[in-house]
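In order, the protein sequences belong to chains A and B.
Okay, so the first sequence: first residue is 12 according to my numbering, each after it adds one.
Okay, so the second sequence: first residue is 49 according to my numbering, each after it adds one.
Every residue gets a Cβ at the ideal spot worked out from N, C-alpha and C, and that includes glycine.
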Amino acid sequence: MLDPASPEPSDRAGALGATLGSPAPGVRVLTVEGEVDTLTAPHLADGLTRLLDDERSVPVVDLAEVSFLASSGLAVLIHAAHRATGQGRTLHVVATSRSVTRPLEITGSDRLFEMHADPAEVLGLGGGAGSGPRPPEAD
Amino acid sequence: MSDMDRTDPEGASVVEVRTAATAALIPTIRAVASDLAARADFDLDAISDLRMAVDEACATLVDVAAPGSSLRCAFSVYGERIGVEAEVDVAGPDTSVSTDTFGWRVLQTLADEVELVSSKEDGRSTVGIKLDKRAAALPR
């Protein structure tokens, strides 16, 4: 039985890992771990802001270790996708679990991102294969 | 019509959870939703949808709850569907939930039925969200 008199703010609920790294040249990855809900979505928003502040690399957000994604988290991701578009870039999203892919798909927001089911796919985005750093596109 | 009727004519099993109306306790409520759906043999998409819908409904209500009030969430488990009634006390009859939001549109997408309810009895005002989810998720 839950006791309404002792609202224990669970540590897990407030904890969202969001780490910025560069696993390959020209690729910046924000690796997110935990549950994204109304409490933790601001933390994700901060991470995405830092990710997109660097306009020279390909932005990737890795949600493979995210076990829950609420509409507040979706809203933050959609906002970041629009910011990336405004910069002439595409936000890449790595999503492997249903807890992330289902919310993105059922709301149709997956169309705003370049989706990847395999984290290894994003390593080649920065260069190789002749893509290189992309200039902002005209029009 | 009573909001939380334990003896259901259709023979549902009813599970009620009551917490302080704080966002920190919503993970517990959505875990209950997920567990009930899994035990009722919901398909995996429907389990995910219900968990997210319950989270959304509770987060919406916690936002408008009167300070120090509780969040009450009742799950009625039928064979092929789960009904959810979540409710909080609000400061006055003018307090309501905006349905012109991204979150509300997501909620409508996730659940098969959603309804906003409010009541005022003996000077006590409440706002609630009722939703219904079937065991097999509709394809996109």
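Whole-angstrom Cβ separation of arginine 94 of chain A and leucine 63 of chain A, contact assumed at under 8 Å? Against the first sequence, residue 94 of chain A aligns to sequence position 83. Against the first sequence, residue 63 of chain A aligns to sequence position 52. Indeed they touch by this definition, with Cβ atoms about 5 Å apart.
Sequence-distant residues of its chain with Cβ nearer than 6 Å to threonine 143 of chain B (five each side left out): Taking the second sequence and counting its residues from 1, one reaches residue 143 of chain B at position 95. Short of 6 Å from the beta carbon of threonine 143 of chain B, and not among the five residues preceding or following it, lie these beta carbons of its own chain, in chain order: Val112.
Are the C-beta of glutamate 161 of chain B and some C-beta of chain A separated by less than 8 Å? Position 113 of the second sequence, counting from 1, holds the residue named residue 161 of chain B. Interface residue (Cβ-Cβ distance to chain A less than 8 Å): glutamate 161 of chain B is not classified as such.
Distance between valine 175 of chain B and threonine 70 of chain B (C-alpha atoms, nearest Å): For the purposes of this step, residue 70 of chain B is identified with residue 22 of the second sequence, where counting begins at 1. For the purposes of this step, residue 175 of chain B is identified with residue 127 of the second sequence, where counting begins at 1. Taking the straight line joining both Cα atoms gives about 15 Å.
Own chain residues within Cβ distance below 6 Å of glutamate 46 of chain A, not counting five before or after: As a position in the first sequence, residue 46 of chain A is number 35, starting the count at 1. The beta carbon of glutamate 46 of chain A is closer than 6 Å to those of Ser78 and Phe79 in its chain, skipping five residues each way along the sequence.
If contact means a Cβ-Cβ distance below 7 Å, which residues of the segment 137-157 of chain B contact chain A? Of all residues in the segment 137-157 of chain B, only Phe150, Gly151, Val154 and Thr157 place a beta-carbon less than 7 Å from a beta-carbon of chain A.
Counting only beta-carbon atoms, is alanine 88 of chain B nearer than 8 Å to chain A? As a first step, residue 88 of chain B must be located in the second sequence, where it is residue number 40. It does not: the Cβ of alanine 88 of chain B has no partner Cβ on chain A nearer than 8 Å.
If the cut-off is 7 Å on Cβ atoms, which residues from the segment 86-118 of chain A count as contacting chain B, listed in chain order? Shown in chain order are the members of the segment 86-118 of chain A whose Cβ falls below 7 Å from a Cβ of chain B: Ala86, Arg109, Ser110, Arg113, Pro114, Glu116, Ile117 and Thr118.
Taking three-plus beta-carbon pairs below 8 Å as touching, is the segment 124-138 of chain A in contact with the segment 97-114 of chain A? Of all C-beta pairs linking the segment 124-138 of chain A to the segment 97-114 of chain A, three or more are shorter than 8 Å, placing the two stretches in contact.
Starting from valine 125 of chain B, follow the beta strand (DSSP E) in both directions and report where the run begins and ends. Start at 1 with the first residue of the second sequence, and residue 125 of chain B comes out as number 77. Element bounds for valine 125 of chain B: 118-125.
Tell whether a beta-carbon distance below 8 Å holds between aspartate 137 of chain B and arginine 87 of chain B. Residue 137 of chain B sits at position 89 when you count from the first residue of the second sequence. Residue 87 of chain B sits at position 39 when you count from the first residue of the second sequence. Against a cut-off of 8 Å, the Cβ pair of arginine 87 of chain B and aspartate 137 of chain B comes out as no contact.
Quick check: is the beta carbon of serine 78 of chain A nearer than 8 Å to any beta carbon in chain B? Counted from its first residue, the first sequence places residue 78 of chain A at position 67. So no, serine 78 of chain A is outside the interface.
Can the beta-carbon of arginine 66 of chain B be found less than 8 Å from the beta-carbon of arginine 99 of chain B? Counted from its first residue, the second sequence places residue 66 of chain B at position 18. Counted from its first residue, the second sequence places residue 99 of chain B at position 51. For the 8 Å CB-CB criterion, arginine 66 of chain B and arginine 99 of chain B do not form a contact.
Distance check for aspartate 89 of chain B and alanine 183 of chain B, CA to CA, integer angstroms please. Counted from its first residue, the second sequence places residue 183 of chain B at position 135. Counted from its first residue, the second sequence places residue 89 of chain B at position 41. The C-alpha of alanine 183 of chain B lies about 7 Å from the C-alpha of aspartate 89 of chain B.
With which residues is phenylalanine 79 of chain A paired in a DSSP beta bridge? Position 68 of the first sequence holds residue 79 of chain A. The partner list for phenylalanine 79 of chain A (beta bridge, DSSP) reads A:Glu46.
Aspartate 48 of chain A vs isoleucine 74 of chain B beta-carbon contact at 8 Å: Position 37 of the first sequence holds residue 48 of chain A. Position 26 of the second sequence holds residue 74 of chain B. Contact: yes.
Unbroken alpha helix (DSSP H) runs of length 4 or more, entirely within the segment 78-164 of chain B: which are they? Those alpha helix (DSSP H) runs which fall completely within the segment 78-164 of chain B and span 4+ residues are 92-112 and 150-158.
Identify the continuous beta strand (DSSP E) that holds valine 63 of chain B and give its terminal residues. Translated into the one-based positions of the second sequence, residue 63 of chain B becomes position 15. 61-68 is the extent of the beta strand (DSSP E) around valine 63 of chain B.
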